[in-house]
Amino acid sequence: MAKTTTAPVAEKTKIKLSASSLTFYFIAYIVVGLMALICLVPFIVIISGSFTSEQYINFHGFDIIPREFSTAAYQLVFKTPATIGRAYLVSIFITVVGTFLGVLMTALTAYVIARKDFPYRNKVSFFFYFTTLFNGGMVCTYIFFIRYLHLKDSYWALILPGMFSVFHLLIMRSFVTGIPSALIESGKIDGAGEYKIFFSIILPLLKPGLATIALFTALGYWNNWYNAMLYIDSTEKYPLQYMLYNLLQKSEAMSRIAAQAGIYVEAVPSNSLKMAMAVVATGPILIVYPFVQKYFVQGITVGSVKG
Amino acid sequence: MRNFTKDLKKNWALWTMLIPALLVTIVLAYIPMVGLILAFKNYNFGKGVFGSDFNGIDNFKFLFSSGTGWLITKNTVLYNVMNLITSQALAIVIAIFITELLHKTYKKLTQSIIFLPYFISWVIVGIFVFALFNYETGMMNNLIKSAGGEPVNLYAKPSVWPFIICAFNAWKWCGYNSVIYIAAITGVDQEIYEAAAIDGATIFQRIRHITFPCIRPTVITMLLLQVGRILRGDFEMFYQIIGTNGQLYNATDVIDTYVFRSLTSGATLGMTTAASFYQSIVCFVVIVLVNAIVKKIDEDYALF
Amino acid sequence: MSNIKKAVALILAAAMVFALAACTGGGSTSGTTAADGGSTSGTTAADGGQSETTLDTSKEVEIVMYFISDRPAGQDIVDENMNKLFKEKLNCTLQVNWIPWSDYSSTYNLKLSSGEPIDLIYTAGWLGYSKLAQQGAFMALDDLWPKYAPKNYAKATDQAKQQATVDGHIYTIPTLWATYISQGPIYRTDILKGSDLEGLEIKTFDDIEKYCDYCLEKYPEILPMDIYQNGSAWDAMWARQLGYQLIGNEAGNFYFNLDEENPKVISIDEIPGIEDFLNMMKRWNEKGYFSKTCLSITDSQQCQNGKAFIRCHNIDSYQGLMIDAYNKKNGWEWAYSDFNKYAAHLPFTQDSVSVSINSKNPERALALWDLITSDQEAYDAFYYGIEGTTYKLEEDGSAVMLDPDLYSTSGMWTVRTTGLTRKTVGSPAGWDEWHEKWEEMIAKDDTQEKYSAIVIDTTGLDTEIANVTDVYNKYWTPLELALNTNGVEGGLEEFREQLKIAGADKIKEAYQKQLDEYVANLKK
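Protein chains in written order, with the working numbering: chain A, 1 to 307; chain B, 308 to 611; chain C, 612 to 1135.
(1) For A281(A), decide whether its Cβ has a neighbour in chain C, counting only Cβ atoms nearer than 8 Å.
(2) With a threshold of 8 Å between beta carbons, is K903(C) in contact with chain A?
(3) For the region 759-793 of chain C, list every residue whose C-beta sits within 7 Å of some C-beta in chain A, in sequence order.
(4) M243(A) versus chain B: which residues are under 7 Å apart at the beta carbon?
(5) Which residues in chain B have a C-beta closer than 8 Å to the C-beta of S125(A)? List them in chain order.
(6) Kindly indicate the opening and closing residues of the alpha helix (DSSP H) around Y56(A).
(7) Look at the Cβ atom of L47(A), then the Cβ atom of V279(A), and state whether they are nearer than 8 Å.
(8) What distance in whole Å lies between the Cβ atoms of I562(B) and A582(B), which are believed to be in contact at a cut-off of 8 Å?
(9) Kindly indicate if chain B contains any beta-carbon less than 8 Å away from that of F43(A).
(10) Looking at the strands, I want to know which residues DSSP matches up with E673(C).
(11) What does DSSP give as the partner residues of V923(C) in its beta bridges?
(12) Which residues in the same chain as F216(A) place their Cβ atom closer than 7 Å to its Cβ, once the five residues preceding and following it in sequence are excluded?
(13) Counting only beta-carbon atoms, is R86(A) nearer than 8 Å to chain C?
(14) Keeping to the same chain, check which residues put their C-beta closer than 6 Å to that of V176(A); ignore five residues upstream and five downstream.
(15) Against N916(C), what residues of chain A qualify as contacts under a CB-to-CB distance less than 9 Å, listed in chain order?
(16) Roughly how many angstroms separate the alpha carbons of Y764(C) and D754(C), rounded to a whole number?
(17) Which class does A1115(C) belong to by DSSP, given the choice of helix, strand or coil?
(18) Run through chain B and tell me which residues come within less than 8 Å of G747(C), C-beta to C-beta.
(19) Please confirm whether V964(C) and I732(C) have their CB atoms less than 8 Å apart.
(20) Pull up the DSSP beta-bridge partners for V964(C), would you.
(21) Should G433(B) go down as buried or exposed, given a rule of 16 or more other Cβ atoms within 10 Å for buried?
(22) Below 6 Å CB to CB, which residues in the same chain sit around K1119(C) once its five sequence neighbours on both sides are set aside?
(23) In chain order, what residues of the same chain lie with their CB nearer than 7 Å to the CB of D801(C), ignoring the 5 residues before and after it?
(24) Within 10 Å of its beta-carbon, does N890(C) have 16 or more other beta-carbons around it, so buried, or fewer, so exposed?
(25) Might you give, ordered along the chain, the residues of its own chain that have their beta carbon closer than 8 Å to the beta carbon of D910(C), omitting 5 neighbours on each side?
(26) My output table needs one value for A114(A): the three-state DSSP class, helix, strand or coil.
(27) Taking Cβ to Cβ, would you say N708(C) is nearer than 8 Å to A992(C)?
(28) Among the residues of its own chain, which have a CB less than 7 Å from the CB of I522(B), if the five just before and after it don't count?
(29) If you scan the region 807-853 of chain C from start to end, which runs of the alpha helix (DSSP H) of 4 or more residues do you find wholly inside it?
(30) Beta-carbon of T651(C) versus every beta-carbon of chain B: anything under 8 Å?
(31) With DSSP run on the structure shown, which of helix, strand or coil describes H1046(C)?
(32) Considering Cα atoms alone, identify which of G535(B), N557(B), V534(B) is closest to F545(B).
(33) Measure how close the beta-carbons of M892(C) and L1092(C) come, nearest whole angstrom, since I'm counting them as under 8 Å.
(34) Can you find the residues in the same chain that come closer than 8 Å, C-beta to C-beta, to V436(B), ignoring five residues on each side of it along the sequence?
(35) Can you tell me whether DSSP reads S20(A) as helix, strand or coil?
(36) What residues from chain B crowd round N708(C), counting only those whose CB sits closer than 8 Å?
Printed below as a string of structure tokens:
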């Protein structure tokens, strides 16, 4: 039904580039290039900083290449490789499960509230939206989770809260709105049920939207340490970000206390540690990103509209 | 009610699609909402949320008794408006440019790179800000000095900080927000573009008459969503960039940072709940107003 | 983050002091009659042997303890080892739960509010002990403490008990570890060798200036003073050397003059000579003793990192720097001097342990605490772990931790007990002398010590204290470091104006009333 064009329009119409188009491309290439540069340099500094000795950073600051090479920060992070490995697995597990359930739920809900023939769509939207304005606050949520849902030390305490976001729902809705309602009508005429219409007509057309929300949901799970802090007690259930966060805070507190308590602890490379943590936590996402990206870079055509 | 049961019968399949989300929302968001009652209570650990005594609006007083309430409300709104405009505008421009780029590799590469700042936590941004702007060894002053100028102490000039914060915010969220717009643009039927190209439309005409209208629903949704957060500041951003530097508080204090500081100097649970209640009420009023206006103009774009 | 810093600073203030006899100096306890009559009702020190018989240990129970620290790798073996002992002695086991340093500020209160049956939990003045007690988070221990932890109770001073009293009841067991008010300059001396200043003992602010001038001349690339985002401690030290003392657990930064017979509560700008102090700080700023952007520096260890030479802090930090230099063998030498006009103990509630209101076994929990704080074997098992595995003993009885990665001393600081805690290797030579000197001074002159039992009730002042604290951050801290743009005069005027708006007068009045009552009680 939907055919995929592999290249943007302009590429096919190269011959016709006018002077105004040339100006446009010139500006576009320069602006995007500059922006990429501003985004890339700090990241290079982070990677370089993570490999620089703390002493050097303390006195000379950061640089694009490590002037005094050191792997102390990584040694600290990977001191117990088994723990880190375990934390990666926990993070991957909750990210995959949470994202799958979350995206499905978001798409279903968005589809319903985008349906113009669904009379309660505004009321239902408001029902969801209202929760972004009001919430019970940390204490009540905490007590409710622990006492009534018995989620203490459970993976569900990490999965449930990030699964459904109104922000994602409304973005998804705007994607669904972009799909011509004629498609749904024709599905109905063909005698397809609501679920069939959703899964075989809507979902394939929603790919860019699904990819976007999947990316955002996954990132939300991947970066969240806060829920682990509240609900997880056993160290073997720590997700990666919380483990790293804990490591950093602990090192900072320890290095200050250690000397006073008469315990000798190697000075903690706090600056380079922060940089190394960023690298360790970001790495896997950067590997996965290109796979998701293809859904944004390639366009899809709603060919079936025009038959 | 009769209408409702009728609709339930007619659209039962659609309603079943809503069940998971409704359930999650009720359990995770609506039930804990009873906690808001704490805003009017003097919390007692022994007595719990429901057993504690009411104390009227005492908890709200700390926000407004010294005039700070208005200052931080004003700051929060101004920062949000500024951040909203700059970050969305930058994201839209970048998204349009990226989708129009001709070289696929360049396109993919730049898009990935622009996403990188999202991964850089505010803690690290805070370290960078200090490394750039500190008086004695900051990169900015080193540049000025090597050019023969007088070093500048930005930390004694609170008025420039809104711009610094705004710039970093736009930079950090550019990749993230542009993903939404890129997805919206790629969702546009390519044949429309092809038809336009054949008709001899210039690139500018194409963007104006095809791309803009197509991403309009997304832009409006994003704006509305942000407007609903008009009284909530990005705590991490402010906290990591400004830290506990009192010199800059008047220019950079938002409700969330103020409440956080109050907590460390002895505010109670009731007081923080009161602050968040205040934020919610104002956001609620603002969003209802804005939504009503949007609805008047074009009902399709309204949030609810 | 700054929360953690604050906490750490306060812990350090209470950390590692060498063994001294418990404070039994006649002068120190003479003036500590309770401001509130009901506080010590029914709390006569009981004989240990007798009351222990009242504890029923027939049923095995698990005591749940929470404290703020990170779980060490070797905790399992330490737990196993100590629980064997506890099982044998009290038929109970101890389950230690950690609130990690990373997030205690958000989770500490949550743990208490969640209704979990916590038996023993770390608390402290800086964690808001009195406020939590007022909000009903802890069990009243007036009768339980003497009955089930009699040895501990007997060792605690009246002063400590009074500090633990909130609204007439004791809700916490203070530490049995004496600490002192000891803010003063700590400075590198090895850099002075061979110069005119060799052997310099810093006794006055002029000496500090001389020292810093020398540093700047010899090491122009280093800013001599260690000042970071928490602001400087010089103002408090300046006030103390004039005989002014902070009141009300530092809430709002109010002072009173120790030399006055009926002291008046004032804010820092009302101390005579404040302009001179501020002008001095302005001169220091202009000379470049510290960074002009110091309030955004997050490095709290500039001295330790070699980025500064002098800081104002307590004797424990001095010890820390000495131990650090000893361990690093970098040849650095540090000196410390005490600028305080009078000597006094720090409140014993700086570290303490409470029983949560939801505890199921308060009796056994207290008995266990009694055991740990009175029996060397139990103490060692709890605090140091297993001999030969986590620590070893030197000939003189001092302890050396064998592998900090496996286990360093317990994070439950409250347990430290004078007489049970062992010496640390690497401490400065003059350490014991300082403490002896302070005990002597306290015994001789109770000008400051007599005030140390005052506990200020801040009920109803939450709003004002939050506001005033904010005004301090916004206006005082920059003014003190001459970072403000409107000069000393203008800055002072602005600060005073803002204090008024924030409601400082209301706090002053409330503090004054309580101080007057306390003074009246002293005179009785």
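Beta carbons are placed, not taken as given, at the ideal position from N, Cα and C, and that holds for glycine.
In brief:
(1) no
(2) no
(3) none
(4) The premise fails here: M243(A) is roughly 15 Å from chain B at the closest Cβ pair, so nothing lies under 7 Å.
(5) L610, F611
(6) 54-60
(7) Strictly speaking, residue 47(A) in this sequence is Ile, with Leu absent from that position. Cβ atoms of I47(A) and V279(A): closer than 8 Å.
(8) 6 Å
(9) yes
(10) T704(C)
(11) According to the sequence displayed, residue 923(C) carries Cys and not Val. Answer is P796(C), bridged to C923(C).
(12) H168
(13) no
(14) A110, Y111, A114
(15) E54, Q55, N58, F59, A267
(16) 11 Å
(17) helix
(18) N351, F352, G353, K354
(19) yes
(20) Y733(C), I784(C)
(21) buried
(22) V876
(23) G942, W943, E944
(24) exposed
(25) Y839, N916, K918
(26) helix
(27) no
(28) Y488, A491, I492
(29) 816-829, 845-852
(30) With a pLDDT of only 34 at T651(C), under 50, the local geometry of the prediction cannot be trusted, and no value is derived from it.
(31) helix
(32) N557(B)
(33) 6 Å
(34) I471, F475, I548
(35) helix
(36) What N708(C) touches in chain B: nothing, since even the nearest Cβ is about 18 Å away.
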